[in-house]
Amino acid sequence: MLNKEPAIAVTGLRKSYGPHLVLDGIDLTVPQGTIFSLLGPNGAGKTTTVQILSTLLKADAGQIRVAGHDLAAEPDAVRAAIGVTGQFSAVDDLLTGEENLRLMADLLHVGRGRRRQTVHALLERFDLADVARKPVAAYSGGLRRRLDLAMTMVGEPRLIFLDEPTAGLDPRSRRDLWQTVRGLVENDGVTVFLTTQYLEEADQLADRVALLSRGALVAEGTPDQLKRLIPGGHISVRFADETALTVRIGDAGIVDSLRSVLEQLDAREAEVAGLSVHTPDLDDVFLALTGDAPAAPTAGVGSPAGPAIPAGPAIPAGPAIPAGPTLPTSPTAAVITTTTATTTATTTKDPAR
Ligand SMILES: Nc1ncnc2c1ncn2[C@@H]1O[C@H](COP(=O)(O)OP(=O)(O)OP(=O)(O)O)[C@@H](O)[C@H]1O
227 MLNKEPAIAV
237 TGLRKSYGPH
247 LVLDGIDLTV
257 PQGTIFSLLG
267 PNGAGKTTTV
277 QILSTLLKAD
287 AGQIRVAGHD
297 LAAEPDAVRA
307 AIGVTGQFSA
317 VDDLLTGEEN
327 LRLMADLLHV
337 GRGRRRQTVH
347 ALLERFDLAD
357 VARKPVAAYS
367 GGLRRRLDLA
377 MTMVGEPRLI
387 FLDEPTAGLD
397 PRSRRDLWQT
407 VRGLVENDGV
417 TVFLTTQYLE
427 EADQLADRVA
437 LLSRGALVAE
447 GTPDQLKRLI
457 PGGHISVRFA
467 DETALTVRIG
477 DAGIVDSLRS
487 VLEQLDAREA
497 EVAGLSVHTP
507 DLDDVFLALT
517 GDAPAAPTAG
527 VGSPAGPAIP
537 AGPAIPAGPA
547 IPAGPTLPTS
557 PTAAVITTTT
567 ATTTATTTKD
577 PAR
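Shown next as structure tokens:
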């Protein structure tokens with residue numbers, strides 16, 4: 227692959243299943259050595275995209291270059307340069323982790339001498355040495371995904387497709403896998419094309435994110451650029467008397483809104499037990515741009531459980547003055563909800579980031 231050529235360059239990708247149009251003219255570019263995340267709800271066409279880019283499925287139309295090769299003209303060269311790890315792990319349950327890796331090395335014609343070294347290095351690298359001699363049937367979901375990734379790396383791919391790699395994993399295993407994926411990019415310079423339904427996963431891992439909705443990419447950019455696409459966010463105030471209110475951040479921005487809220491609280495000598503600021507996250511962007519609800523992360527990842535505070539454009543506009551502890555509305559902030567403190571959900575950033 228030429229040094230500057232993107233790992234993936236796609237224009238006008240279209241695909242239908244019979245009358246069902248799934249991809250309606252997708253354009254995307256993934257620079258080498260970066261993580262690109264295709265984000266979309268169930269059935270948006272993420273797996274279809276991965277299958278096309280990894281030569282498993284034919285596109286109906288489009289110019290596609292992967293790993294420096296034209297996909298239609300040189301599918302074998304593309305296949306030799308990529309690795310694919312799917313939602314459904316390809317590992318053999320009856321074999322041990324080590325045997326699975328050896329089998330993969332044999333399939334890829336890794337010479338006998340090098341095979342031993344390769345398998346050993348991957349077991350160490352993916353933190354699988356302790357369980358190498360155990361049958362995979364006894365592995366946890368997280369271990370299995372790590373083995374799956376290690377098997378993908380036997381072929382030393384320059385580009386890896388990860389199709390919903392952490393679906394069904396517990397939060398801890400999900401974070402471990404994120405760390406492993408980051409390592410592949412940082413240490414090996416591998417390019418990663420990741421599909422996910424988890425907004426937090428895209429936020430944590432991806433250099434660039436594209437939102438796929440109803441066959442089209444509705445937005446593309448860095449996570450921060452996407453978050454800037456929508457205004458707002460909110461400030462949550464919890465009072466000593468167990469009531470709470472949520473104040474929408476207006477066009478004037480966080481600092482002015484916060485100042486205005488604090489001044490008003492001060493003027494009223496309100497007894498405040500806690501205050502938090504929620505800046506827009508990818509969840510808000512997704513909701514605003516697609517109208518679709520993305521997948522709820524499993525417990526412990528993303529927003530804490532509890533009733534969701536409407537986000538972004540879903541927040542009713544205008545100064546709705548609720549019952550209970552009221553603050554005068556101002557040009558910079560409008561009260562949007564009051565609740566009892568115990569039922570208020572506040573979205574916070576992942577501290578582990
Ligand atoms: N072989 C097929 N034949 C007909 N329709 C299909 C086929 N494969 C997928 N589809 C349909 O195409 C659409 C896109 O499916 P795809 O699996 O690409 O979505 P996805 O975004 O990966 O969803 P998920 O997150 O559920 O995996 C869905 O409506 C699906 O039902």
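Take any residue in the sequence shown, count from 1 to its spot, add 226: that is its number in this note's numbering. Built from N, CA and C at the ideal position, the CB exists for glycine as well. Everything numeric in this text was worked out from a predicted model, so none of it was measured.
Asked                                                                                                                            : Found
Quick one: grab the DSSP three-state call for V463.                                                                              : strand
Given a cut-off of 8 angstroms, decide if V236 and D253 are closer than it, judged by their beta-carbon atoms.                   : yes
By the 10 Å Cβ neighbour count, where 16 or more other Cβ atoms means buried, how is H335 classified, buried or exposed?         : exposed
Quick one: residues with CB closer than 6 angstroms to any heavy atom of ligand 1, in chain order, please.                       : Y243, H246, V248, G266, N268, G269, A270, G271, K272, T273, T274 and Q423
Smallest Cα separation from D396: which of R370, S280, R440 and L431?                                                            : R370
Helix, strand or coil, according to DSSP, for D250 in the structure here?                                                        : strand
Distance, Cα to Cα, I308 vs A293?                                                                                                : 8 angstroms
Which word fits Y424, buried or exposed, when buried means at least 16 other C-beta atoms lie within 10 angstroms of its C-beta? : buried
Please list the terminal residues of the continuous alpha helix (DSSP H) segment that includes I585.                             : The structure shown does not extend to residue 585, since the chain is modelled only from 227 to 579, so the question has no answer here.
Can P512 and F262 be called in contact, C-beta distance under 8 angstroms?                                                       : A small correction: the amino acid at residue 512 is Phe; Pro does not occupy that position in the sequence shown. Cβ atoms of F512 and F262: not closer than 8 angstroms.
Classify L388: buried if its beta carbon has 16 or more other beta carbons within 10 angstroms, exposed otherwise.               : buried
Give the secondary structure of P586 by DSSP, where H, G and I count as helix, E and B as strand, and everything else as coil.   : Given a span of 227 to 579 for the chain in the structure shown, any question on residue 586 remains unanswerable.
I need the straight-line Cα distance from S502 to A470, nearest angstrom please.                                                 : 11 angstroms
Measuring alpha carbon to alpha carbon, tell me which of L455, V362, L488 and D482 ends up nearest L515.                         : L455
Mind checking whether A316 and M377 have CB atoms under 8 angstroms apart?                                                       : yes
Identify every residue that forms a DSSP beta bridge with K241.                                                                  : L249
Could you check the C-alpha separation between H346 and K230 for me, to the nearest Å?                                           : 33 angstroms
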